[in-house]
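>
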Amino acid sequence: MIDWDRWLVKWHIEFWGRQWNFVDIATLAGLSYLHYLALLAPFHFNWTAFWLAVALYFITGVGVTLSFHRNLSHRSFILPKWLEYFFAYCGVLSLQRSPLEWVSIHRAHHQFTDTLKDPHSPIKGFWFSHIGWAIDYRNRFGSYEARLKNVGDLKSQPYYRFLHYTYPLHSIALGVVLYAIGGMPFLVWGMGVRTVIFLHAIFGLNSVCHTWGQAVWDSGLLTHGEGWHNNHHAFEFSARHGFEWWQIDVTWYVIRFLQAVGLATDSFVASPMGEWVTQWRVEFLGREWNVVDIGSVVVVSALHLLTLLAPFHFNWPAFWVAIALYLVVGVSVNLSYHRQLSHRSFKLPKWLEYFFAYCGVLSFQYEARLKNVGDLKRQPFYRFLHYTYPLHAIGFGVLLYALGGSPFLVWGLGVRSVIFLHATFGINSICHTWGQQVWDTGDLSRNNWLIGLLAHGEGWHNNHHAFEHSARHGLEWWQIDITWYVIRFLEAVGLATDVKLPTETQKNRRALIPFEVMK
Numbered sequence: 001m002i003d004w005d006r007w008l009v010k011w012h013i014e015f016w017g018r019q020w021n022f023v024d025i026a027t028l029a030g031l032s033y034l035h036y037l038a039l040l041a042p043f044h045f046n047w048t049a050f051w052l053a054v055a056l057y058f059i060t061g062v063g064v065t066l067s068f069h070r071n072l073s074h075r076s077f078i079l080p081k082w083l084e085y086f087f088a089y090c091g092v093l094s095l096q097r098s099p100l101e102w103v104s105i106h107r108a109h110h111q112f113t114d115t116l117k118d119p120h121s122p123i124k125g126f127w128f129s130h131i132g133w134a135i136d137y138r139n140r141f142g143s144y145e146a147r148l149k150n151v152g153d154l155k156s157q158p159y160y161r162f163l164h165y166t167y168p169l170h171s172i173a174l175g176v177v178l179y180a181i182g183g184m185p186f187l188v189w190g191m192g193v194r195t196v197i198f199l200h201a202i203f204g205l206n207s208v209c210h211t212w213g214q215a216v217w218d219s220g221l222l223t224h225g226e227g228w229h230n231n232h233h234a235f236e237f238s239a240r241h242g243f244e245w246w247q248i249d250v251t252w253y254v255i256r257f258l259q260a261v262g263l264a265t266d267s268f269v270a271s272p273m274g275e276w277v278t279q280w281r282v283e284f285l286g287r288e289w290n291v292v293d294i295g296s297v298v299v300v301s302a303l304h305l306l307t308l309l310a311p312f313h314f315n316w317p318a319f320w321v322a323i324a325l326y327l328v329v330g331v332s333v334n335l336s337y338h339r340q341l342s343h344r345s346f347k348l349p350k351w352l353e354y355f356f357a358y359c360g361v362l363s364f365q366y367e368a369r370l371k372n373v374g375d376l377k378r379q380p381f382y383r384f385l386h387y388t389y390p391l392h393a394i395g396f397g398v399l400l401y402a403l404g405g406s407p408f409l410v411w412g413l414g415v416r417s418v419i420f421l422h423a424t425f426g427i428n429s430i431c432h433t434w435g436q437q438v439w440d441t442g443d444l445s446r447n448n449w450l451i452g453l454l455a456h457g458e459g460w461h462n463n464h465h466a467f468e469h470s471a472r473h474g475l476e477w478w479q480i481d482i483t484w485y486v487i488r489f490l491e492a493v494g495l496a497t498d499v500k501l502p503t504e505t506q507k508n509r510r511a512l513i514p515f516e517v518m519k
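For the sequence shown, full-length UniProt numbering begins at 1 and goes up steadily by one.
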């Protein structure tokens, strides 16, 4: 069993307790000084300094995104040498190391994305992938001799070797010039505030953009378009990252301008996925709707309308009825529909199997395609439920209204159904977008603790995709999995048999971090 948190704690103890070299100490000192300068911003504000910071943020930022990243790392386009060197020099003033080191780290990141060999791997925790990697020379290169092996094309140029050995001096000189021209306001805003904001924006690409955000779309404002990070990893050689018109990509606008005036050539631009998505949405909404589709929209809309009435029909008995039904009906969907009928993770006596399946019918969750369920279609009970399932939910609503009036109907049917519907739907959307990946599944599945709670354990979705036939989804003791607790109880009293769980060998084979590394 992987004790993920314990491994992270052990790793961080080793990280802070290691032997620090001069580069790490100097980097930490430089970062600390820049943050100290930024803290002085409220006391040294004037509008001239503010607009200076904005201008430098744009110039040095584009130096990193256009030069270091899209031009030097990925060769997405070609510039005349004088212009290539100009943008590279602007990037040096961002205090993100030399072009050689920046490009070397970034190429390694693409080669070993989200593995232990990734220089800023999110596996080692959010804060390490955000800023910790920058003060750990050993992690980035392993040894002095191992560094810069993947940037031979740049090392062969004297200009980049010169910048590599002198890059801190250029920023120090800029700071001196700013102080000489405008005193503390220019130094604080032109060096401190401007640099700190852009550093964290770029660091956020390594941490935030590998943790939160849509698997297709993200936010790219602060980094001049770099935040459309899934687009970039899908098409790493594309000069354009913001594929949609609404995906602001300032760096691409600059490249496009240079292209228009003949200074940028051989620009590679990937076919925008957004065009396909837009076309698909138009076709989806404009298709010929059948009775099942229309009926589903009507039912889902009616349930949401009922939910909107909840504040006006509240009483405590209705609230507790909703809680009880949320548990019973929800666990039945997970236990019956999913873990037993879909994956055959365990066996139940027929009467109990049918009981949980019937409870699941009351969840309003339906799938019309029946080509791959021949084992269930052969059973009269499931054919009966398939053709009559709306009647059971409607009849249950009538019963609730008869017992407790509008409060029971609104809370026991509307609120309870809508919350669980969205919790279950969230497995398909949220758990493929946000959360932690522990296992190598070759897909976007993630563990999301919130959906894990709301969906009675189904939110540990990366666990499930790694071991789909496992009756238990919350593999760690702290991963709450109510459905598994019910299955475990049924097993203890002899009602659930042949319960399947992943073996330690299977886990080690699937782990992103092999067990021996974590010991």
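Each residue gets a CB set at the ideal place from its N, CA and C atoms; glycine is no exception.
To the nearest angstrom, how far is it from the Cα of Lys-117 to the Cα of Arg-97?
20 Å
> Excluding sequence positions up to five away, which residues of its chain have a Cβ less than 7 Å from the Cβ of Leu-352?
Leu-495
> Find out if the Cβ-Cβ distance for the pair Gly-190, Ala-88 is shorter than 7 Å.
no
> From which residue to which residue does the alpha helix (DSSP H) around Glu-84 run?
81 to 92
> What residues in its chain sit with their C-beta under 8 Å from that of Glu-468, if we drop five residues either side in the sequence?
His-343
> Rounded to a whole number of angstroms, what is the C-alpha to C-alpha distance between Cys-359 and Leu-512?
37 Å
> Tell me which same chain residues have a C-beta within less than 6 Å of the C-beta of Tyr-144, skipping the five on either side of it?
With a pLDDT of 46 at Tyr-144, under the threshold of 50, the modelled position of that residue is not reliable, and the figure given next carries that caveat. Cβ neighbours of Tyr-144 beyond the five flanking positions: none.
> Output yes if chain D places a C-beta closer than 7 Å to the C-beta of Pro-122; else output no.
No chain D appears in the structure shown, which is made up of a single protein chain.
> Relative to the C-alpha of Lys-149, which residue among Val-103, Gly-412, Ile-451 and Thr-115 is closest?
Val-103
> Under DSSP, the alpha helix (DSSP H) around Arg-344 begins and ends at which residues?
Element bounds for Arg-344: n/a, residue is neither H nor E.
> Locate the alpha helix (DSSP H) running through Glu-288, then write down its first and last residues.
Segment: none, Glu-288 is in no alpha helix (DSSP H) and carries neither H nor E.
> Is Gln-365 helix, strand or coil by DSSP?
coil
> Taking the alpha carbon of Ser-94 as the reference point, which residue from Asp-443, Trp-16, Tyr-167 and Glu-236 has its own alpha carbon closest?
With distances taken between Cα atoms, Ser-94 lies closest to Tyr-167.
> Specify the secondary structure class of Gln-96 as computed by DSSP and reduced to three states.
coil
> When we look at the beta-carbon of Ala-180 and count the other beta-carbons within 10 Å, is it buried (16 or more) or exposed?
Answer is exposed; the Cβ neighbour count stays below 16.
> Relative to the C-alpha of Phe-396, which residue among Ala-41, Ser-429, Val-361 and Gly-295 is closest?
Val-361
> Excluding sequence positions up to five away, which residues of its chain have a Cβ less than 6 Å from the Cβ of Leu-34?
Gly-192, Thr-195 and Val-196
> Hey, how far is the Cα of Trp-228 from the Cα of Ser-32?
Approximately 29 Å between the Cα atoms of the pair.
> Between the C-alpha atoms of Ser-406 and His-313, what's the straight-line distance to the nearest angstrom?
About 7 Å.
> Who are the near neighbours of Phe-15 in its chain, counting only those whose CB is closer than 6 Å to its CB and skipping five residues on each side?
none
> Apply the 10 Å Cβ neighbour rule to Asn-231 and answer buried if 16 or more other Cβ atoms are within range, or exposed otherwise.
Buried, because 16 or more other Cβ atoms sit within 10 Å of the Cβ of Asn-231.
> In or out: Val-9 buried (at least 16 other Cβ within 10 Å) or exposed?
exposed
> Here's the rule: buried if 16 or more other CB atoms are within 10 angstroms of the residue's CB, otherwise exposed. What is Trp-133?
Buried, by the Cβ-count rule.
> Below 8 Å CB to CB, which residues in the same chain sit around Ala-318 once its five sequence neighbours on both sides are set aside?
Closer than 8 Å at the Cβ level, and outside the excluded window around Ala-318, lie Gly-404, Pro-407, Phe-408, Val-410, Trp-411 and Gly-412.
> Going by the CB atoms, is the gap between His-465 and Ser-445 shorter than 7 Å?
His-465 sits close to Ser-445, with the two beta carbons spaced by under 7 Å.
> Using the Cα positions of Leu-399 and Phe-235, report the straight-line distance between them to the nearest angstrom.
55 Å
> Could you tell me which residues DSSP puts in a beta bridge with Gln-436?
Asn-447
> For Gln-182, I'd like the list of residues in its chain whose CB is within less than 8 Å of its CB, leaving aside the five on either flank, ordered along the chain.
The displayed chain sequence assigns Gly, not Gln, to residue 182. These residues qualify, in order along the chain: Thr-48, Ala-49, Leu-52 and Gly-190.
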